[in-house]
Each structure stands twice: as C-alpha cells, then as structure tokens.
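Take a look at the structure below.
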Amino acid sequence: MDAFRFYNPTTLYYGKGQIEKHLADEVTKIGKRVLLLYGGGSIKRNGLYDKVVSILQNAGVRLFELSGVEPNPRLSTVHKGIDICRENNVDLILAVGGGSVLDCGKAIAMGVKYDGDVWDIYQRKGKATGALPLGTILTLAATGSEMNSGGVITNWETKEKLGGGSPYTFPVFSFCDPENTYTVPRDQTVYGICDMLAHCFEHYFHPTRHTPLQQHLIEAVMRTIVEHAKTAVENPNDYDARETMMYCSTMALNGMISMGIRGDWACHAIEHEISAIYDIPHGGGLAIVFPHWMEHVKSANPSRFASLAKHVFGVDGGGKTDAELADIAIAQVRAFYQSIGAPQRLADYEIGDEQLERMASQAVRFGEIGNFKKLGKDDVYQILKSAL
Ligand code: NZQ
Ligand code: ZN
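According to the numbering used here, the residues represented by the sequence shown are 528 to 915, in order.
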C-alpha cells in the first residue's frame with residue numbers, strides 16, 4: 528500500500544433519538560448564532576425542520592435561514608450563504624439535508640474565511656484558509672459528505688461542476704438517523720445507492736500493489752449494498768434497510784476503507800461533466816457511466832474484475848479465466864442496476880451526442896483522469912459515446 532496519513536475529526540451520532548439528546552449541546556458549545564441551511568422543502572414536509580428549530584430555539588440559539596439549496600448546489604447559493612454569515616456574524620452552519628445541502632454548507636464555510644471568490648478553491652486557483660464550523664443532519668444516504676471534507680459545486684453560468692474541499696471542511700458533527708430517510712423518494716433512494724456503490728468502485732479499481740485488507744473491506748461494503756438495496760428501495764420505512772444503506776454510504780467515502788490506496792475517480796469526473804450541463808442526478812449519471820468505463824478499462828487488470836464477480840456477486844470462478852469473469856462481473860453490475868431501476872443510458876435523460884466533445888475535453892481539463900487506467904480526452908469521448 529502507499530504511505531498515508533489518516534485524519535477525520537467528525538463526531539458521528541448514528542441512530543434514533545440522537546438529535547433530541549445531543550444536538551443542542553453540540554451546537555451551543557460552538558456558538559449561538561447559527562445559519563440553518565436546507566434544500567427545497569423536504570425537511571418542512573417531513574417534520575424535521577420543526578423538530579430542529581424547536582430544539583435550537585429552546586436552547587437559546589438565534590437562527591438565520593437559507594433555504595432552496597438546489598440538488599447539484601449552485602455557486603450563486605453559496606454566495607448568498609457567505610453574505611448571510613458575514614452580515615450576521617454567524618458562529619456555525621447547520622446543514623440539514625442530502626449531500627447537496629451539506630456540500631453547499633462546506634463551500635459557504637470556506638468562503639466566509641476566504642479573501643476572494645470561493646470558486647477559486649474549486650478551480651484550484653486558491654487554497655482554503657479556514658472555515659466556519661459546520662454541523663450536519665443527514666437526510667439522504669448517498670454521498671458520505673457527512674463524514675468527509677469534500678464537496679461539489681456547480682457554476683451554472685459557466686456550466687462547470689467541480690469538487691473541492693480542505694482539511695477545514697470536515698463536519699464538526701453529523702447526525703445520521705435512518706428514520707430521517709424514510710421520506711426519500713424511490714428514485715432518489717436508487718440514485719443514492721448507485722452513488723455509494725460508485726464510491727466503492729472508485730476505491731476498488733486502483734493500481735496500488737498489495738492491499739488485501741482494503742480489498743476485503745471494500746468488497747464487504749459492496750456486498751452489503753447489493754444484498755440490502757432492494758429492500759430499501761421497495762420498503763422505504765424498513766428501518767434496518769435504511770440504516771444499512773446509511774452506514775454503507777458513510778463508510779464508502781469517509782476514508783476508512785481506502786487508506787493507503789489511490790482510487791480511480793475517472794467516472795466521477797465524467798459524471799460531473801454530464802450533470803454540469805444537463806443537471807441530472809449524480810447517482811443516475813454514475814449508473815450510466817460505470818459499465819461503459821468498466822468495458823473500456825477491464826484489460827488493465829482483469830483479475831480485479833474477477834474478484835468483484837466472485838466476492839461481491841458470488842460467482843463461481845471455477846474453470847473460468849479472469850477475462851471471462853471480468854465480463855461476468857460487468858454483466859452482474861448491469862443486472863444490479865436494472866434490479867433497482869437505475870437508469871442505463873444517456874438517452875434515459877434525453878441526452879444526445881451534441882455535447883460529447885465538450886464534456887470529454889472538460890473532463891480532462893486538469894490533465895488525464897483515472898488511476899486504474901489513465902484516460903485522455905479520446906477515452907472519455909468513447910466511453911460517453913458508448914453510453915448514448
Ligand atoms: O431539496 P430537498 O427538498 O431537501 O429535496 C432533496 C432533493 O430534491 C431530496 N431529499 C433529500 N432528503 C430527503 C429528500 N426528499 C425527501 N425526504 C428526504 N429525507 O432529494 C433530492 C436530492 O438531494 P441531494 O442532496 O441533491 O442528493 P445527494 O445526497 O445524492 O447529493 C448529490 C450531490 O452531492 C454531490 C453530487 O455531485 C451532487 O451534487 N457529491 C458529493 C460528494 C461529497 N461531498 O463527498 C461525493 C459525491 O460523489 C457527489 O459528487
Ligand atoms: Zn459520488
């Protein structure tokens with residue numbers, strides 16, 4: 528494995544009743560002026576908003592609100608949040624929602640302390656110089672944003688969607704109660720599952736030598752997702768399934784299963800180009816891209832695909848070559864997506880070939896992408912074309 532330093536300071540509260548017991552203390556030990564950040568209203572409809580506001584008001588917290596954070600959160604909303612925090616001397620941002628709300632909170636937190644436009648950080652023209660403390664209440668199992676320092680922001684004017692982060696943007700605390708995901712609609716549940724599985728793939732397909740424990744840990748998370756996904760999709764109020772999906776999504780991208788390896792991340796880079804232009808759900812885009820990426824790169828190391836077939840999908844490898852097992856693994860991945868109703872092709876979002884060229888060049892604007900196999904513009908173009 529590669530040499531590594533592991534750092535993750537987020538305090539996690541998992542399960543029922545934790546918000547009632549610990550939210551007020553966690554917030555007030557940081558401050559009493561709080562920006563409450565949320566999305567398009569799901570937390571108002573399911574009662575979480577009322578619960579949080581009542582707990583915080585009873586604790587003497589002064590709330591400033593910014594609602595309407597978009598799925599694929601926009602830079603313009605980040606700017607609004609920065610202004611509110613600066614004008615009101617906010618001590619803490621509390622982001623209540625899915626990955627988009629949490630990521631928006633991270634960008635605001637960095638932006639408040641940055642002397643310049645926070646977009647510089649996402650464009651890799653500047654580095655974060657600090658951040659306001661951020662706490663989160665997660666309502667959708669998908670991104671792992673509740674326990675990592677990254678976030679993804681869309682500049683809708685330039686049609687760019689870029690990831691960024693800093694050691695300052697780990698949430699100070701995150702509350703993950705599976706009951707808060709009961710109201711996630713079926714399609715968003717599916718996208719979330721595709722995203723968490725994608726994070727496992729991104730770690731799993733790497734070029735680093737001798738990583739047996741990482742391989743087993745990632746396989747364990749993937750197997751768990753594959754075994755329990757359908758129940759979460761079919762029975763939205765099944766506590767055990769929602770809990771398992773939530774825990775898988777946190778573990779898939781909090782750094783714990785990927786120490787000492789350099790993951791691939793090409794599919795994320797490609798998907799971000801698709802959603803930057805077409806504003807599609809991140810998990811849906813990943814489900815479309817991954818099988819085509821797999822076909823494109825499988826020859827780089829068929830034995831990794833063979834392990835996926837055997838250890839995640841339970842395929843009997845007896846008498847089969849790694850190349851044969853690689854094809855079986857890709858077929859299994861496709862079948863899994865199909866079984867939960869994930870999108871299969873760009874055409875499912877009415878995306879044609881008009882912007883392929885642009886997406887391919889934008890995906891490699893900082894250089895080649897991927898580590899399992901390095902991809903240039905032509906590779907990305909071919910992958911996107913095959914996904915039409
Ligand atoms: O806006 P509201 O009304 O809250 O509705 C949201 C939104 O429409 C809804 N939703 C969330 N929780 C709900 C709910 N509806 C009912 N009940 C609930 N409990 O779901 C919709 C999608 O929400 P969103 O936050 O956009 O989804 P997700 O968590 O999948 O986040 C996607 C964003 O995260 C980025 C993606 O690129 C995308 O912008 N990512 C962030 C990462 C990170 N920070 O580490 C890594 C990922 O790879 C990803 O790129
Ligand atoms: Zn993702």
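Just so it is clear, CB atoms sit at the ideal spot from N, CA and C, and this is done for glycine as well.
Confirm the yes/no value for this check: CB of residue i, any heavy atom of the ligand NZQ, distance under 8 Å.
i      : result
VAL921 : There is simply no residue 921 to check, as the chain begins at 528 and stops at 915 in what is shown.
ALA658 : no
LYS633 : yes
ASP919 : The structure shown does not extend to residue 919, since the chain spans only 528 to 915, so no value can be given for it.
GLN715 : yes
THR730 : Position check: residue 730 holds His in this sequence, whereas Thr was assumed. Checking every heavy atom of the ligand NZQ against the Cβ of HIS730, none is found closer than 8 Å.
ARG769 : no
ASN764 : no
THR708 : yes
Flag residue i as yes when its Cβ comes closer than 8 Å to any non-hydrogen atom of the ligand ZN, and as no otherwise.
i      : result
THR681 : no
GLY542 : no
HIS755 : no
LEU813 : yes
THR670 : yes
ASP806 : no
GLY790 : no
ALA725 : yes
GLY625 : no
ASP722 : yes
GLY897 : no
GLY691 : no
GLY810 : yes
Going by alpha carbons, who is nearest to residue i out of the options?
i      : options                           : result
GLN741 : MET778, ALA759 and TYR774         : MET778
THR604 : SER581, ASN682 and ALA803         : ASN682
GLU597 : MET772, VAL679 and GLU798         : VAL679
ARG589 : LEU564, ARG560 and GLY608         : ARG560
ARG873 : PHE728, SER913 and PRO739         : Correcting the residue type first, residue 873 is Leu in the shown sequence and not Arg. For the residues PHE728, SER913 and PRO739, the minimum Cα distance to LEU873 belongs to SER913.
GLY790 : ASP647, LYS654, HIS823 and CYS727 : CYS727
GLY811 : ASN762, ALA869 and ASN828         : ALA869
LEU659 : GLY574, VAL554 and GLU746         : VAL554
ARG651 : LYS688, LEU619 and LEU667         : LYS688
GLU884 : TYR876, GLY608 and VAL907         : VAL907
LEU619 : LYS640, SER627 and ILE857         : LYS640
CYS612 : PRO705, PRO600 and GLY638         : GLY638
ILE801 : ASP880, LEU562 and THR670         : ASP880
GLU684 : VAL842, PRO600 and LYS900         : PRO600
MET749 : VAL860, ASP647, GLY587 and TYR540 : VAL860
GLN545 : THR663, LEU563, PRO818 and HIS819 : THR663
LYS825 : TYR718, PRO536 and PHE899         : PHE899
ASP529 : GLU895, ASN764 and PRO734         : PRO734
LEU709 : VAL699, GLU822 and ASN764         : Reading off the sequence, residue 709 comes out as Tyr, not Leu. Of VAL699, GLU822 and ASN764, the residue nearest in Cα terms is ASN764.
PRO698 : ALA756, ILE570, GLY608 and TYR534 : TYR534
For residue i and residue j, what's the separation of their Cα atoms in angstroms?
i      : j      : result
VAL580 : ARG532 : 38 Å
ALA803 : THR538 : 32 Å
VAL891 : LEU813 : 17 Å
THR716 : LYS633 : 23 Å
VAL839 : GLY845 : 16 Å
LEU902 : ASP577 : 48 Å
HIS549 : GLY566 : 23 Å
VAL753 : SER594 : 34 Å
TYR805 : HIS799 : 10 Å
TYR695 : ASP843 : 46 Å
LEU835 : ILE857 : 9 Å
VAL816 : HIS795 : 9 Å
ILE784 : ARG736 : 16 Å
GLY841 : ILE557 : 48 Å
GLU877 : PRO808 : 13 Å
PRO829 : TRP792 : 18 Å
ASN707 : ASP714 : 16 Å
Any idea which residues DSSP pairs residue i with across the strands?
i      : result
CYS703 : TYR541 and LEU665
ARG589 : ARG560
ALA622 : LEU564 and THR663
LEU689 : ILE680
ILE896 : LEU902
ARG601 : THR681
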